[in-house]
Amino acid sequence: GQNIDQPTEMTATEGAIVQINCTYQTSGFNGLFWYQQHAGEAPTFLSYNVLDGLEEKGRFSSFLSRSKGYSYLLLKELQMKDSASYLCAVWGNDYKLSFGAGTTVTVRA
Amino acid sequence: IAGITQAPTSQILAAGRRMTLRCTQDMRHNAMYWYRQDLGLGLRLIHYSNTAGTTGKGEVPDGYSVSRANTDDFPLTLASAVPSQTSVYFCASSDSGGGSYNEQFFGPGTRLTVL
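Quick note, the sequences are listed as chains A and B, same order.
According to the numbering used here, the first sequence is numbered sequentially starting from 275.
According to the numbering used here, the second sequence is numbered sequentially starting from 3.
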């Protein structure tokens, strides 16, 4: 089975940095994804990590530590449009995605 | 068609009725998936198909069936809807299915209410 935990909600100020943590206990591991989902819309792909370390993509970065079963998504220079849910998902041994419940980030002016 | 589409956008259905949610992709992806999304539970996999002609059960398959007659279409059927199937349903596809990484692309979703 898969157990994926992430905080339910986070609030931050425009221009600030927010770090969304994700811990997982899964039967096998073939990579970890982060998706962004705006209210009422479909999830869209943000990042994929399969090796330990930091992957940077513009204002967004994602980190993975396989030995600790831990990942984080770092959002820098927050903008109002970054208000959304952020979904952590693990690609397990069965090559299917298992999702966490998502973290709702609210960016305030 | 561009990407992945779903129909209907939303539906209110009486309990006990049969309903088919449609999903079509034009990206020639081999793998397709159906998820339901409920508040506080995140996305849960219902059924999947790694390639045309094959299907498999996900985490919450009971009460649902799928078919994959061709690459593009992956309909989800509720044979006899129950109120607990009230949810938002997302179809997704990816150019993978058995080993190589590729992200999943999601359709816009179908909001289903069963009364």
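The beta carbon of each residue, even a glycine, is placed where N, CA and C say it ideally should be.
Given the structure is predicted, the values throughout are model-derived calculations rather than measurements.
DSSP on D356 (chain A), reduced to helix/strand/coil? helix
Does any CB atom of chain B fall closer than 7 Å to the CB of F319 (chain A)? yes
Sort out for me which residues DSSP pairs Y369 (chain A) with in a bridge. For Y369 (chain A), which the question treats as bridged, DSSP gives no partner whatsoever.
Output the boundary residues of the beta strand (DSSP E) element that contains T57 (chain B). Counting along the chain, T57 (chain B) falls outside any beta strand (DSSP E), and DSSP gives it neither H nor E.
Name the one or two DSSP bridge partners that T318 (chain A) has. A:Q310
S67 (chain B): which of B:I48, B:T73 and B:D75 sits nearest, CA to CA? B:I48
Is Q280 (chain A) helix, strand or coil when you go by DSSP? coil
Which chain B residues are close to Y346 (chain A), counting only those with a beta carbon under 8 Å from its beta carbon? Ordered by position in chain B, no residue passes the 8 Å Cβ test against Y346 (chain A), which lies about 18 Å from the chain.
Name the chain A residues that come within less than 9 Å of G55 (chain B), Cβ to Cβ? In chain order: nothing, as chain A lies at least about 18 Å away.
Does any C-beta atom of chain A lie closer than 7 Å to the C-beta of P110 (chain B)? yes
Who are the Cβ neighbours of R162 (chain B) in its own chain at under 7 Å, not counting the five residues just before and after it? Summary: the structure shown does not reach residue 162 (chain B), with chain B confined to residues 3 through 117, and so no result is reported for it.
Would you mind sorting H31 (chain B) into buried or exposed? The rule is 16 or more other CB atoms within 10 Å of its CB. buried
Does at least one heavy atom of the ligand ADP sit under 6 Å from the Cβ of N295 (chain A)? Ligands are entirely absent from the displayed structure, and the ligand ADP is therefore not among its contents.
Best match in B:G109, B:P110 and B:E105 for proximity to G305 (chain A) [C-alpha to C-alpha]: B:E105
Run through chain A and tell me which residues come within less than 7 Å of L23 (chain B), C-beta to C-beta. The premise fails here: L23 (chain B) is roughly 14 Å from chain A at the closest Cβ pair, so nothing lies under 7 Å.
Q106 (chain B) touches chain C at which residues, Cβ-Cβ below 7 Å? The chain inventory of the structure shown lacks chain C, comprising the protein chains A and B.
Neighbourhood of E329 (chain A) by C-beta, 7 Å cutoff - its chain only, sequence neighbours within 5 removed: S321, N323, S335 and S336
Between A:G327, A:A313, A:S301 and A:I291, which lies nearest to G376 (chain A) when the distance is taken from Cα to Cα? A:A313
If the cut-off is 7 Å on Cβ atoms, which residues from the segment 66-97 of chain B count as contacting chain A, listed in chain order? F92
Nearest-angstrom Cα distance between S315 (chain A) and G109 (chain B)? A small correction: the amino acid at residue 315 (chain A) is Glu; Ser does not occupy that position in the sequence shown. Rounded to whole angstroms, E315 (chain A) to G109 (chain B) spans 9 Å at the Cα level.
Within 7 Å, strictly: CB atoms of T380 (chain A) and S359 (chain A): no
Which residues in chain B sit within 7 Å of E376 (chain A), going by Cβ to Cβ distance? According to the sequence displayed, residue 376 (chain A) carries Gly and not Glu. Correct list: G44.
Looking at the secondary structure, which residues open and close the beta strand (DSSP E) in which K331 (chain A) lies? G327 to K331
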